[in-house]
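Following the UniProt record's numbering, the numbering of the sequence shown begins with 1 at its first residue and continues without gaps. C-beta atoms are modelled at their ideal positions from N, C-alpha and C, and glycine is treated no differently. Structure, as structure tokens:
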Amino acid sequence: MTALSVLPDALLRLPVAHRAYHDITQGRPENSRAAIKAAIAAGYGIEIDLQLTADGAAMVFHDYDLSRLTGQAGPLRQRSAEEAAAIPLLHGDGETIPRFEEILDLVAGRAPLLVELKDQDGAMGPAVGPLEAAAARALAGYGGPVAVMSFNPHSMAEMARLAPDLARGLTTCNYDATDWPLSGEACDRLRDIPDFDRVGASFISHQASDLSRPRVRALHGDGVPVLCWTIRSPEAEAEARKLADNITFEGYRAAIPG
1 MTALSVLPDA LLRLPVAHRA YHDITQGRPE NSRAAIKAAI AAGYGIEIDL
51 QLTADGAAMV FHDYDLSRLT GQAGPLRQRS AEEAAAIPLL HGDGETIPRF
101 EEILDLVAGR APLLVELKDQ DGAMGPAVGP LEAAAARALA GYGGPVAVMS
151 FNPHSMAEMA RLAPDLARGL TTCNYDATDW PLSGEACDRL RDIPDFDRVG
201 ASFISHQASD LSRPRVRALH GDGVPVLCWT IRSPEAEAEA RKLADNITFE
251 GYRAAIPG
């Protein structure tokens with residue numbers, strides 16, 4: 001078993017804004033500087049996503065492909081960091097794709113960060129390393145509350161090797177095979193969260209509609225913090241909080257517990 005890391009308390013206490021506190025009607029795209037500044041001002045935790053460039057840099061961006069969020073074609077992975085950092089975000093009032101280091105400088109410990117490393121293998125397999133190395137380099141010496149997570153357990157095993165003191169967890173779900181480009185065998189395996197101990201995870205962030213799963217309840221019963229995604233209304237939040245320790249939310253203003 002890899003050494004256990006500890007989830008910062010602030011990521012249990014403060015609602016976590018999914019892809020930062022985004023709202024395109026207010027000029028705040030997902031994972032943008034404006035959305036991050038808004039989350040800090042509102043007192044929320046912040047969830048962001050990392051993708052890799054052709055030259056091994058970590059960019060704060062959710063999708064593999066550029067089209068939905070920028071209107072440009074092709075994968076982010078085929079662009080250099082310099083090229084990616086010049087691509088404007090749609091609805092972003094001139095904002096471009098941020099580098100991870102820039103966002104760490106912007107947050108500077110003023111809000112807890114939950115950083116999801118997107119799977120670079122394509123099938124939750126072992127072809128990982130460059131994104132994890134870029135994330136570990138950027139986070140070296142960062143003083144604010146932060147945790148990393150991924151759907152790919154191999155990613156978190158690599159983070160345990162590169163940055164063993166950094167809090168890490170697994171992003172988990174029901175792995176409905178109709179929703180995932182994975183084999184049925186892979187979905188069946190990942191659904192049971194078998195790698196939790198192996199990677200030294202200290203939490204999971206689980207699909208909100210699947211929180212009653214026996215494996216999730218067993219982990220929670222063993223004292224493992226359970227976060228959940230993605231909550232989109234106060235009513236859904238009230239239900240999720242019956243089974244989860246904290247929420248990742250979007251589309252409304254979550255209340256901060258007193």
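For E158, the number of other beta carbons within 10 angstroms of its own is at least 16, and it is reported as buried.
The beta carbon of L131 lies closer than 7 Å to those of L50, L52, A58, L117, Q120 in the same chain, with the five residues before and after it left out. I193 is positioned such that its CB atom lies no closer than 8 Å to that of P15.
Distance between G71 and L89, taken at the CA atoms: about 8 Å. W229 and H18 do touch by the CB rule: their CB atoms are close to 7 Å apart, below 8 Å.
Around the beta carbon of E82, fewer than 16 other beta carbons sit within 10 angstroms, so the residue counts as exposed. Distance check between C187 and each of S209, A163, F151 places F151 closest, using alpha-carbon atoms only. Around the beta carbon of A39, 16 or more other beta carbons sit within 10 angstroms, so the residue counts as buried.
Sixteen is the threshold: since fewer than 16 other Cβ atoms of the shown chains lie within 10 Å of the Cβ of S212, the residue is exposed.
In this structure, P153 is the residue among L162, L104, G143, P153 with its C-alpha nearest to the C-alpha of P126. Taken atom to atom, the span from the alpha-carbon of A163 to that of D65 is near 28 Å. With respect to L227, F203 sits close: the two C-beta atoms are nearer than 8 Å. For A58, no alpha helix (DSSP H) segment is defined; the enclosing uninterrupted segment is the beta strand (DSSP E) at 58-60.
Distance check between S32 and each of P225, G251, I103 places I103 closest, using alpha-carbon atoms only.
Following the DSSP letters along the chain, one finds M159 inside the alpha helix (DSSP H) bounded by residues 153-162.
CA-CA distance, S80 to E239, rounds to 43 Å.
In the DSSP assignment, F249 falls within the unbroken beta strand (DSSP E) covering 246-249. In the DSSP assignment, the residues bridged to M149 are E116, G169. Between the C-alpha atoms of I36 and A254 there is a straight-line separation of about 15 Å.
Rounded to the nearest whole angstrom, the CA to CA distance from Q26 to C173 is 31 Å. Per DSSP, L182 is not a residue of any alpha helix (DSSP H), being assigned neither H nor E. For D210, DSSP assigns no beta-bridge partner whatsoever.
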